[in-house]
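These notes are about the structure you will find just below.
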Amino acid sequence: MKLKGNMVVELTDVNTSEVETYTEENMVTNAVNNILGLNPMGIFYAASGQYDDAVLWNDTLLPICPNMIGGILLFSKALEENADNLYVGSDNLPVAYASNNVNSTSNLARGSLNLVESKALENGYKFVWEFTPSQGNGTIASVALTGALGGQNGFGSLVGDSSAFLLLKATDIDNISDAKKMVLFETVEVDFERNVLYSITSADSSVRVRKIRIPIFDVGLNERLDDSTYTVLEDHTITTEVFRFLGDYTKYGEFMDGKDGFWYGFSNEGNSSGNAVVVWVKVSKEDFSFTEGEWTLSNAKLMDVGNRDGSSSYPERVVKCCVRNGYLYVLANNKKGIYKINIGNSSDVTLIAFGFTSKWKPLCETGTCEVYMTLIGDLIVGGDFQITVEDRVIRTQGSVRLNNAATPLFQYKNFLLSWGGSYGKEYRTMYLLTPYLASVNNLSSAIVKTVDKTMKITYTLTEEL
1 MKLKGNMVVE
11 LTDVNTSEVE
21 TYTEENMVTN
31 AVNNILGLNP
41 MGIFYAASGQ
51 YDDAVLWNDT
61 LLPICPNMIG
71 GILLFSKALE
81 ENADNLYVGS
91 DNLPVAYASN
101 NVNSTSNLAR
111 GSLNLVESKA
121 LENGYKFVWE
131 FTPSQGNGTI
141 ASVALTGALG
151 GQNGFGSLVG
161 DSSAFLLLKA
171 TDIDNISDAK
181 KMVLFETVEV
191 DFERNVLYSI
201 TSADSSVRVR
211 KIRIPIFDVG
221 LNERLDDSTY
231 TVLEDHTITT
241 EVFRFLGDYT
251 KYGEFMDGKD
261 GFWYGFSNEG
271 NSSGNAVVVW
281 VKVSKEDFSF
291 TEGEWTLSNA
301 KLMDVGNRDG
311 SSSYPERVVK
321 CCVRNGYLYV
331 LANNKKGIYK
341 INIGNSSDVT
351 LIAFGFTSKW
361 KPLCETGTCE
371 VYMTLIGDLI
381 VGGDFQITVE
391 DRVIRTQGSV
401 RLNNAATPLF
411 QYKNFLLSWG
421 GSYGKEYRTM
431 YLLTPYLASV
441 NNLSSAIVKT
451 VDKTMKITYT
461 LTEEL
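Mapped onto our numbering, the consecutive letters of the sequence shown carry residue numbers 1 to 465.
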């Protein structure tokens, strides 16, 4: 199916009635083809359990218009014209957006669909979105079609933030042992193309790294599409002298993928006064060589980086930190900011103020497993905040948007994978990250939407033989 898009933007001055008109054509990305054509871990098959939660395609994703394509995103910078450009970097988050319905919220970044003028065509669909003088203001250099959910709040707003994540499948994994569940819960990296994950844990003065095969896109002759298919390919134990999970009853610590050829482990018990003490280890992905050490961070008052317990009645992991571009991000103990710590130079510590006190609630339901922060692309997503790659803080609503999660979210194209559970109900989950770029439409020159102008966008998408 070949699609062609034509967009007309009309800015009308409410004082003079003068109309500025801009006409552009777009290119279509692989976003929709990925959703329709990819099936990682068999998420679209009824293969693992009759009681698994699964997305209902009709009226959620189909018809493609106005569901899988049912929203619009407006950006202040140009977008790369590449069919595999599916998501923007956090330095170019949408300044405005709209979905396939009328905006009845107080979100001024969001416009409304004109329900009268928007309609299905014989060979496509005509969308008409309207923004009042107070809505969608800012510089607009590019536009993209997106999913209906992606057009509700983008990656998150003060009105809502759960619409960015559509649950595609929650697969029950109760048929495997708690020990194997814990290994899955301690996943730090997933290599989708090679059908493997890496799980890291610490016990006493050792670090254990396991490489495990799971069927993602390749299914072996004796494999199933659930987590009972679990093959340990490599098992490495590293003996450390400094690094360990601190704490007595509760073991505080976390392992993160640095995305730089190394995995990193951190442990601290949290402190409300004095200096923060953090032990750390850096492990090479290539040969499992490592370095380790201890930081004393002057006058830093940190939350703990996370904790886990593999010996309780239920497998537990709580994630409270994030690693991005060589820095560890840990919440301040008073919940009013976040510390940015240079992993390679512990004297380089910055406290990024929120400007508000965080609720500090997890992204998921509260339970034996919780994730408080995760990295999506280069955007740090917390319970009620986001932190862009430029360390700009964006406050969001803080609503629950994930099932009980034990791992960070692992991204492959449009899809987000995690494991988690609570009090004996454990599962693997897959989400669709909804603010994808279904098309790329760069304007010949940027336009500016102001409070004295309304904006009307007519976007016609047609199929060509």
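Just so it is clear, CB atoms sit at the ideal spot from N, CA and C, and this is done for glycine as well. Being a predicted model, the structure only gives us computed values, none of them experimental.
The beta strand (DSSP E) enclosing residue i, as first and last residue numbers
i	result
residue 235	231-239
residue 109	No beta strand (DSSP E) holds residue 109; DSSP gives it neither H nor E.
residue 37	Taken as a continuous stretch (DSSP letters only), residue 37 belongs to no beta strand (DSSP E), being part of the alpha helix (DSSP H) at 31-37.
residue 446	439-449
residue 394	393-395
residue 48	Note, residue 48: premise wrong, no beta strand (DSSP E); not H, not E.
residue 129	124-131
residue 411	410-412
residue 208	206-213
residue 116	No beta strand (DSSP E) holds residue 116; DSSP gives it neither H nor E.
residue 317	316-319
residue 69	Here residue 69 belongs to no beta strand (DSSP E), and DSSP marks it neither H nor E.
residue 19	19-25
residue 291	290-297
residue 200	196-203
residue 144	138-146
residue 284	276-284
residue 249	Where residue 249 is concerned, there is no enclosing beta strand (DSSP E), given that its DSSP letter is neither H nor E.
Outcome for residue i when other beta-carbon atoms lying within 10 angstroms are tallied against a minimum of 16
i	result
residue 116	exposed
residue 187	buried
residue 194	exposed
residue 449	buried
residue 48	buried
residue 281	buried
residue 356	exposed
residue 125	buried
residue 203	exposed
residue 465	exposed
residue 45	exposed
residue 98	buried
residue 249	exposed
residue 37	exposed
residue 469	With the chain covering only 1 through 465, there is no way to say anything about residue 469.
residue 320	buried
residue 20	exposed
residue 78	exposed
residue 120	exposed
Short Cβ contact (7 Å threshold) for residue i with residue j
i	j	result
residue 216	residue 41	yes
residue 365	residue 404	yes
residue 149	residue 166	yes
residue 418	residue 407	yes
residue 53	residue 170	yes
residue 90	residue 379	yes
residue 30	residue 83	yes
residue 266	residue 278	yes
residue 5	residue 33	no
residue 315	residue 218	no
residue 156	residue 396	yes
residue 24	residue 7	yes
residue 432	residue 168	yes
residue 135	residue 111	yes
residue 428	residue 173	yes
residue 336	residue 354	yes
residue 361	residue 383	yes
residue 461	residue 73	no
Limits of the unbroken alpha helix (DSSP H) element including residue i
i	result
residue 182	178-185
residue 150	150-153
(request) Evaluate the contact criterion for the segment 432-439 versus the segment 324-336: three or more CB pairs, one atom per stretch, below 8 Å. (result) no
(request) Assess, as a yes-or-no matter, whether the segment 297-313 is touched by the segment 327-339 under the definition of 3 or more beta carbon pairs within less than 8 Å. (result) yes
(message) Check whether the segment 221-230 and the segment 247-256 are in contact - that is, three or more C-beta pairs closer than 8 Å.
(response) no
(request) Output the residue ranges of the beta strand (DSSP E) runs that lie fully inside the segment 334-386 and measure 3 residues or longer, sorted by chain position. (result) 337-342, 349-353, 373-376 and 379-382
(request) Say whether the segment 62-74 touches the segment 168-185, bearing in mind that this needs 3 or more beta-carbon pairs closer than 8 Å, one atom from each stretch. (result) no
(message) Can you confirm whether the segment 129-137 touches the segment 453-460 when touching is taken to mean that 3 or more C-beta pairs between the two stretches lie within less than 8 Å?
(response) yes
(request) Decide if the segment 440-447 is in contact with the segment 380-393; the criterion is three or more beta carbon pairs, one per stretch, under 8 Å apart. (result) no
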